[in-house]
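Q: Structure provided below as structure tokens; questions to follow.
Chains as they are written, first to last, in this note's numbering: chain L, 137 to 568; chain X, 13 to 299.
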């Protein structure tokens, strides 16, 4: 027999169950969905640390959008990883280590979002970067798919203590360089074999090494030209010859060691100079076994006129089209390129933000006053040459590497032959 | 009844057939298709007819890579066979610490190739490497192991032989231990010297193991990749550029999948010819 009490009890249960069911069904529908963005950073310690700092502060201020930082997966080069990710459609929402010259491949694949489609793009970019830098970021179709972010202008680092001990000054021309190199190349034990050299340019034939030996020399010698002209021919064969001959002379005279890859000889104090970007400042301070003073000067040139130009080693930020949250991704990209974020980047990585008139920006003046070495790179940042934006850039640098090996390193062919071969290769590159 | 039996057989074979279709038939078919296209993985493939094959025939770098690989094989395969056979014969004798030595020779086999390559890169270092330190200690000049185009590939071949010899020792050892002891006793009674025993008893009876070792080391040699990739990047002057490293470069550095597939198909065909010749020469029926 059903009593009133039992009926009330049963109805209460039904009401509770119905409420729970409604809660389960309706709450997610009205609640704000949580968004997670994946952000790939370059895998070196400084940049990872910067990325994590930015993500942490963003996450604290934006509880509805979490940014997860991941280092770009290990491989031969970041470009290979990114291309593989594009093919597999496993790209992150945002990547902050894009070599501008491979961007057109991503654009043709529809793998990246056009950033100039965002309403505030013009205002944001105009405030931060100059027209020349933005023009370089523009793709073949006239749209902008990348935010110019930072540069690592390559300069000539020298061991101040070693230079003082040998009584030499930092070289500005090839002739001065060879004089200095002669003094820096010696055996530290009497009658022993040579164990100190002037510099050790890369002995690897992997393509990207040429961006850090031949290309800065070429950029300086050509007074700021890229490798290719508009017709995809060698833009300045004379400068290319000069750069290759300089490297060949260094190897031939024994100023550059021709050994297999080994630990960083500059760090060990066994070479007096090396080409390096601003990232090298924190690296040298952190990794040097025996502390030594170091300084930086522009890349030497063949002529008496001091060089102004060098390779930019620029890296940009892009949003991949696999993202399901383009607006949030764009908001985060803006967040990591604010003036405050650029200051953090500079402080944590010593890398140079691509910011309009950086050296004279009052927000950075205090930092540069206390870090004159970084300031030298920032000044150099106004005179940089990027890589050519061509889908064949890897093949071209690979071919150039083999000519460098044959002519500069081993002297099998004359340097001018190596450059002539490269020029000829450029005419044949579209083989099929 | 018979039909039913056939169906059941097919059913049991199905997982393997699916495996074969997915991992052998499809990739091989796709590679053959790629031979006729230009494809950068991103844009749609473009049909180029026999363009890739024509380019292969005129590509001096490919032929250089093939020559390098053959040089590697010429050094590596005989070195491995002789070393493995001698070590196996020694380890078949009742020597002290035999178990330890059998394990010790096998240790390099289980170490990662990349790790071994990095290790030997240091061993071969011209200025600071262990090998040149020893060479200098006896008054000889240092050898530029990895930076001399004439020495680099044989140096890599030697390192690979060191790494893999333990595996081939195992094959030879099992062959030697399966030779009936009576045959050696009979040979002794006939007045055979130790050399005769080796040449007339051991060698013929380990021929199946010999064939296996030759074929496996030939195939491994043709697939040479990690060692030059890690140690030399294919240099100096392309002297350690193997066919697979060249194929990798086209596939993943240049994103030229069609040409990379062409190199792969050509390599497979060359391997087939070489292994067939080896089989004719070695794998004659034993008595």
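Note that beta-carbon positions come from the ideal geometry of N, C-alpha and C, so glycine has one too.
List the residues of chain L that residue 192(X) touches, going by C-beta distances under 7 Å, in chain order.
A: Correct list: empty, because the minimum Cβ distance to chain L is about 50 Å.
Q: Helix, strand or coil for residue 176(L), going by three-state DSSP, please let me know.
A: strand
Q: Give me the DSSP bridge partner(s) of residue 562(L).
A: None, per the DSSP bridge assignment.
Q: Taking DSSP's pairing of strands, which residues face residue 452(L) in a bridge?
A: DSSP, once it has assigned bridges, lists 234(L) and 284(L) as partnering residue 452(L).
Q: Within 9 Å (strictly less), CB to CB, does residue 48(X) reach chain L?
A: Answer no: the Cβ-Cβ gap between residue 48(X) and chain L never drops below 9 Å.
Q: Return no unless some Cβ of chain L is closer than 9 Å to the Cβ of residue 54(X).
A: Contacts with chain L at 9 Å (Cβ-Cβ) include residue 54(X).
Q: Alpha carbon to alpha carbon, how far is residue 231(X) from residue 290(L)? Give it in angstroms, no decimals.
A: Going from the Cα of residue 290(L) to the Cα of residue 231(X) covers about 44 Å.
Q: Looking at chain L, which residues of the segment 242–260 of chain X have a Cβ within less than 8 Å of any of its Cβ atoms?
A: 243, 244, 245, 246, 247, 248, 249 and 250
Q: Under 7 Å Cβ to Cβ from residue 299(X), same chain only, skipping five residues before and after it: list those, please.
A: In this prediction, residue 299(X) has a pLDDT of 44, which is less than 50 and means its spatial position is unreliable; what the coordinates show is noted afterwards. Nothing meets the Cβ criterion.
Q: According to DSSP, simplified to helix, strand and coil, what is residue 160(X)?
A: In the structure shown, residue 160(X) sits in coil (DSSP, three-state: anything other than H, G, I, E or B).
Q: According to DSSP, simplified to helix, strand and coil, what is residue 31(X)?
A: helix
Q: For residue 482(L), tell me which candidate among 517(L), 462(L) and 427(L) has the shortest Cα-Cα distance.
A: 517(L)
Q: Taking 8 Å as the cut-off, does the segment 320–336 of chain L touch the segment 404–411 of chain L (at least 3 CB pairs, one atom from each stretch)?
A: yes
Q: Can you look up residue 295(L) in the DSSP assignment and give me helix, strand or coil?
A: strand
Q: Is there a C-beta anywhere in chain L that falls below 9 Å from the one on residue 6(X)?
A: Absent from the model: residue 6(X). The displayed extent of chain X is 13 to 299, so no value can be given.
Q: Three Cβ pairs or more, each shorter than 8 Å: is that satisfied between the segment 179–192 of chain X and the segment 213–227 of chain X?
A: Taking one beta carbon from each stretch, the segment 179–192 of chain X and the segment 213–227 of chain X have 3 or more pairs nearer than 8 Å; the two touch.
Q: Determine the DSSP secondary structure at residue 230(X), reduced to helix, strand or coil.
A: Look at residue 230(X) here: in three-state DSSP terms it is helix.
Q: Going residue by residue through the segment 213–264 of chain L, where are the continuous alpha helix (DSSP H) segments of at least 4 residues, counting only ones entirely within it?
A: Within the segment 213–264 of chain L, the complete alpha helix (DSSP H) segments of 4 residues or longer fall at 214–224, 239–244 and 257–264, listed in chain order.
Q: Output the boundary residues of the alpha helix (DSSP H) element that contains residue 191(X).
A: Segment: none, residue 191(X) is in no alpha helix (DSSP H) and carries neither H nor E.
Q: Is it right to say residue 262(X) is buried, meaning 16 or more other beta carbons lie within 10 angstroms of its own, or is it exposed?
A: Here residue 262(X) is buried. Its C-beta has 16 or more other C-beta atoms within 10 Å.
Q: In three-state terms, what does DSSP make of residue 188(L)?
A: helix
Q: Count the other CB atoms, across all protein chains shown, that sit within 10 Å of the CB of residue 208(L); report buried if there are 16 or more and exposed otherwise.
A: buried
Q: Below 7 Å on C-beta distance, what does residue 244(L) contact in chain X?
A: 54 and 55
Q: Skipping 5 residues on each side, what residues in its chain have a beta carbon closer than 7 Å to that of residue 465(L)?
A: 173, 229, 230, 455 and 459
Q: Leaving out five residues on either side along the sequence, give the residues of the same chain with a beta carbon under 7 Å from the beta carbon of residue 477(L).
A: 190 and 471
Q: Kindly indicate which three-state DSSP category residue 298(X) falls into: helix, strand or coil?
A: Annotation note: pLDDT 49 at residue 298(X) (below 50); position unreliable, coordinate value reported separately. Residue 298(X) falls in the coil class under three-state DSSP.
Q: Just to make sure I have the definition right: I need the residues of chain X whose C-beta is within less than 8 Å of the C-beta of residue 534(L). Which are they?
A: Going along chain X in sequence order, the residues near residue 534(L) (Cβ under 8 Å) are 261, 265 and 266.
Q: If you draw a straight line from the C-alpha of residue 148(L) to the C-alpha of residue 157(L), how long is it?
A: Those two C-alpha atoms are separated by around 14 Å.
Q: Compute the Euclidean distance between the alpha carbons of residue 61(X) and residue 45(X), then round it to the nearest angstrom.
A: Approximately 10 Å, taken between the alpha carbons.
Q: Against residue 159(X), what residues of chain L qualify as contacts under a CB-to-CB distance less than 8 Å, listed in chain order?
A: Within chain L, the residues whose beta carbon sits less than 8 Å from that of residue 159(X) are 339, 394, 395 and 396, listed in sequence order.
Q: What first and last residue would you give for the beta strand (DSSP E) that runs through residue 113(L)?
A: Since the displayed chain L opens at 137 and closes at 568, residue 113(L) lies outside it and no answer follows.
Q: Let me confirm a value: residue 232(L) is counted as buried when at least 16 other C-beta atoms fall within 10 Å, else exposed. Which label applies?
A: buried
Q: Please classify residue 541(L) as buried or exposed, where buried requires at least 16 other C-beta atoms within 10 Å of its C-beta.
A: buried
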